[in-house]
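K.L.:
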Amino acid sequence: MVRLTPEQALAAAAQDRLVNIVSAPGSGKTTIAAERFGYQRHLAGDDRGVLGLSFNRAAVAELRARISARWGGGAISPPHRVMTFDHLHVELLHRLLDAGLVNWPTGLRELDVRDDYRGTAGFRFLAPPSNFLRVAVLDGQRNVVSRGRRVERPTTGIGNVAAHDALLSAGIVSHDDVRNILLSAMQVDELSEFAATWLAENYRALVIDEVYDAAFLDLKVAHLAAEAGLDVTLIGDPWQALYKWRGATPDEVQRLLGATTERFVEYQQPQSFRFVGDQMPELARALRNGEPVSLPSGTSEQVDVALARTWRPLWSAGDNILPLSFRTIENATDAALNLLLDVVTRGRLGVSSFGREAAIARLGLDRERFLAEQDRVLQPIVAGLRAGRAPADALNELRNAIRDLGVTRPRRLGSAAEAERVAQVERLAARLVKDSVVPGMTVFQAKGREWERVGVILTRAQRALLSTGLHELEDEHCVVYVALTRARRECIQLDGDPALDEGTLDIPADDD
1 MVRLTPEQAL
11 AAAAQDRLVN
21 IVSAPGSGKT
31 TIAAERFGYQ
41 RHLAGDDRGV
51 LGLSFNRAAV
61 AELRARISAR
71 WGGGAISPPH
81 RVMTFDHLHV
91 ELLHRLLDAG
101 LVNWPTGLRE
111 LDVRDDYRGT
121 AGFRFLAPPS
131 NFLRVAVLDG
141 QRNVVSRGRR
151 VERPTTGIGN
161 VAAHDALLSA
171 GIVSHDDVRN
181 ILLSAMQVDE
191 LSEFAATWLA
201 ENYRALVIDE
211 VYDAAFLDLK
221 VAHLAAEAGL
231 DVTLIGDPWQ
241 ALYKWRGATP
251 DEVQRLLGAT
261 TERFVEYQQP
271 QSFRFVGDQM
281 PELARALRNG
291 EPVSLPSGTS
301 EQVDVALART
311 WRPLWSAGDN
321 ILPLSFRTIE
331 NATDAALNLL
341 LDVVTRGRLG
351 VSSFGREAAI
361 ARLGLDRERF
371 LAEQDRVLQP
381 IVAGLRAGRA
391 PADALNELRN
401 AIRDLGVTRP
411 RRLGSAAEAE
421 RVAQVERLAA
431 RLVKDSVVPG
441 MTVFQAKGRE
451 WERVGVILTR
461 AQRALLSTGL
471 HELEDEHCVV
481 YVALTRARRE
491 CIQLDGDPAL
501 DEGTLDIPAD
511 DD
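Each step along the sequence shown adds one to the number in the UniProt record's numbering, with nothing skipped, and position 371 is 371.
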């Protein structure tokens, strides 16, 4: 039996049509989402569905499991559903195609929608400033066409117009391109009105989890639903708005709250079930109140995980910290090093390196062949490092191994860049002789997770923010807030290499 706090019960059973639930870390956000969904699901008098929405498959699977455990499997039988926003966008695009309001190349009505274009002709690594990424949009006649968009940070995708056109003509489209097409469509009054009508005909209520991860298109759908008369519940925390650089629009959430004809009613969820001990309950309270705080210093041997804004400082905060990446993949050597690291992270931590798929694409490797042969080819290099092989020799051996996999051998870099990559191999070797290691990750990978004891590596700028107090919805303030509130019992500051503490607030380009 689920026991709710008075605040949770009040929010879950709110009588208001438009509800905004603000959930602090550890306050049972998913529990509230499941309760709210079940409450609205069982309201009598309307045969339309209740739709639960979140932003990735793992979150959707968790929400489905919570709803089924609490309300029974029938709670999410048609017309009631729980899905990602990507899934909803695909359904809406298909309805627009069926209605003849959007025209697909070759007149197709059923699409093969994929996570990305990986494995198709033309898919490759793209980097600024000379590369362009092909994206699908609507032209003035509502035809789906390919357009070029200059790449602003390293990425993967289709850069060739003929390759992109061929995929679209075959009905193959990525989720990102579905979003691009719908962004174009929602600028056309007739198409946005069609979307609103379709939502209202099929659903009576939306429950949107982690709303501060929403992109502009997601919030446009929420606004259309609210104005079309649906019940809309938003659940999230403005203090954990991290993904603005990746397309999330947390500021737009605030505009949505003030842009509807009928206003959203706010329900605060301040009680956290996460924080225990002497430090964390008080630290979490002070952070949320915008009070100045300071952290005790400690060593990496005292923590279960190490967090930083970017990858580089994690490699200098303790040899028992095994970060999941070295850096942004800038060239073929970086890609090869990432795949070598992947062998170690899977073996020592049970997780893949961050950026592994991008590394495979950057090198032009056949993915299935590589995954089948990776350990056999790269494990001897790891063993050599563990036995004391010189890092420069290991890097040379790694380049040869990549060549033997049937692709171009990564080139030697300029003297300074080459020395830095050799140093990366040396840092990796230091971890191989440790009896145990703890993961090192950026704050962006840590969101939504928790550990007993967390070590954070802060820049000078971040320490200055803590000394004056944090504010919600400010990008860097949210990064610091999320980092510190991953700890259940204890959060300490770790010392990294001062040379890597540049005090910048730049968004890391390698998080995707």
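The C-beta atom is built at its ideal place from N, Cα and C for all residues, glycine as well.
Note that this is a predicted model, so its numbers are computed, not measured.
Which partner residues does Thr-155 have in the DSSP bridge list?
P.N.:
BP columns for Thr-155 point to Leu-126.
K.L.:
Give me the residue from Ala-127, Glu-266 and Gly-74 with the minimum Cα distance to Ala-12.
P.N.:
Of the listed residues, the one whose Cα sits closest to Ala-12 is Glu-266.
K.L.:
Answer yes or no: do Ile-329 and Ala-358 have a C-beta to C-beta separation smaller than 7 Å?
P.N.:
The answer is yes: Cβ separation under 7 Å.
K.L.:
Does the beta-carbon distance from Ala-205 to Gln-40 come in below 7 Å?
P.N.:
Yes; because the gap between Cβ atoms is below 7 Å, this pair is in contact.
K.L.:
Along the chain, which unbroken stretches of the alpha helix (DSSP H) at least 4 residues long are found entirely within the stretch 310-384?
P.N.:
Runs found: 332-348 and 356-363.
K.L.:
Report yes if the CB atom of Ala-241 is closer than 7 Å to the CB atom of Tyr-212, and no otherwise.
P.N.:
Result yes, Cβ atoms of Ala-241 and Tyr-212 sit closer than 7 Å.
K.L.:
My parser needs the beta strand (DSSP E) runs of 3 or more residues fully inside the stretch 5-48; what are they?
P.N.:
Correct list: 18-23.
K.L.:
Any idea what DSSP makes of Ala-205, helix, strand or coil?
P.N.:
If DSSP states are grouped into helix, strand and coil, Ala-205 belongs with the strands.
K.L.:
Based on Cα-Cα distance, which residue from Arg-463, Pro-238 and Ile-208 lies nearest to Val-232?
P.N.:
It is Ile-208.
K.L.:
In terms of DSSP beta bridges, what is Asn-103 paired with?
P.N.:
Asn-103 pairs with Asn-143.
K.L.:
With a threshold of 16 other CB atoms inside 10 Å of the CB of Thr-261, please say whether the residue is buried or exposed.
P.N.:
Thr-261 should be labelled exposed.
K.L.:
From Val-454, Phe-85, Glu-193 and Glu-397, pick the residue whose C-alpha is nearest to that of Ala-228; which is it?
P.N.:
The option with the nearest alpha carbon to Ala-228 is Glu-193.
K.L.:
Going straight from the alpha carbon of Val-188 to that of Val-102, what length do you get?
P.N.:
Those two C-alpha atoms are separated by around 11 Å.
K.L.:
Give a yes or no on whether the C-beta atoms belonging to Ile-457 and Ala-317 are separated by under 7 Å.
P.N.:
In this structure, Ala-317 lies closer than 7 Å to Ile-457 by Cβ.
K.L.:
Assign Glu-252 to one of three DSSP states: helix, strand, or coil.
P.N.:
It is helical.
K.L.:
Might you give, ordered along the chain, the residues of its own chain that have their beta carbon closer than 6 Å to the beta carbon of Val-137, omitting 5 neighbours on each side?
P.N.:
Cβ neighbours of Val-137 beyond the five flanking positions: Arg-147, Asn-180 and Ser-184.
K.L.:
Looking only at C-alpha atoms, which of Leu-217, Phe-216, Val-253 and Thr-249 sits nearest to Leu-234?
P.N.:
Among Leu-217, Phe-216, Val-253 and Thr-249, the Cα nearest to that of Leu-234 belongs to Val-253.
K.L.:
Nearest to Arg-48 by alpha carbon, out of Thr-197, Asp-251 and Gln-445?
P.N.:
Considering only alpha carbons, the answer is Thr-197.
K.L.:
What are the boundary residues of the alpha helix (DSSP H) that Leu-484 is part of?
P.N.:
Run containing Leu-484: 475-484, per the alpha helix (DSSP H) assignment.
K.L.:
For the stretch 402-473, which segments carrying the alpha helix (DSSP H) assignment without a break, of at least 4 residues, lie completely within its bounds, in sequence order?
P.N.:
If we require 4 residues or more, the alpha helix (DSSP H) runs fully inside the stretch 402-473 come out as 415-432, 443-446 and 460-468.
K.L.:
According to DSSP, Leu-133 sits in a beta bridge with which residue or residues?
P.N.:
Leu-133 pairs with Arg-149.
K.L.:
Specify, as a first and last residue, the run of the beta strand (DSSP E) that Ala-306 falls within.
P.N.:
That run of the beta strand (DSSP E) goes 305-308.
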